[in-house]
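Under full-length UniProt numbering, the letters of the sequence shown match residues 1 to 110, in that order.
Remarks on the structure that follows.
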Amino acid sequence: ASGVQLPPSQYAKTLRLFGKVGPPWKHTAALLDEVVHLGLVLPQICQLFVLRASLAGGVGWEGLQQMHRLKFEGGPLLLSDGMPIEPDLVTTVGHMQQQGGGLPLSVQLQ
């Protein structure tokens, strides 16, 4: 119905479904645009749902690039190690070496 705003949990369920079904990415992108337009704060688990939907939709990294526009409960988007993702984050080994950082210790030990 027109003018009815769904709660964030409904968007979370839809994103989860998109990750399983794999509709064309344009449908997921339209849903994300709506979430941003409405200013909704999604549950943290939606980070995973967006990534799964991007893989299922055949676009992979575009999903990660789109996530900086979204708001999640608990604050900024997090990597598995708890480090915040910046939209322009560069993680290539060559870039880290150019910056004098080298490889993380866990990689050096392997």
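The beta-carbon is built from N, C-alpha and C at its ideal position, and this holds for glycine as well.
Remember, predicted model here, so these are calculated numbers, not experimental data.
- Annotated as distal: residue 46 and residue 6, with beta-carbon spacing of 8 Å or more.
- Boundaries of the alpha helix (DSSP H) around residue 55: 46 to 56.
- Across the structure, residue 24 and residue 17 are spaced so that their CA atoms are roughly 13 Å apart.
- Boundaries of the alpha helix (DSSP H) harbouring residue 63: 61 to 66, taken from the DSSP string.
- Annotation for residue 8: the continuous alpha helix (DSSP H) segment containing it runs 8 to 21.
- One Cα belongs to residue 44, the other to residue 75, and the distance between them is close to 9 Å.
- Straight-line spacing of the CA atoms in residue 30 and residue 37 works out to 10 Å.
- Of the residues assessed, residue 54 falls on the buried side of the cut-off, its CB having 16 or more other CB atoms within 10 angstroms.
- In its chain, beyond the 5 residues on either side, 19 have a beta carbon closer than 6 Å to the beta carbon of residue 52.
- Per DSSP, residue 36 has no beta-bridge partner at all.
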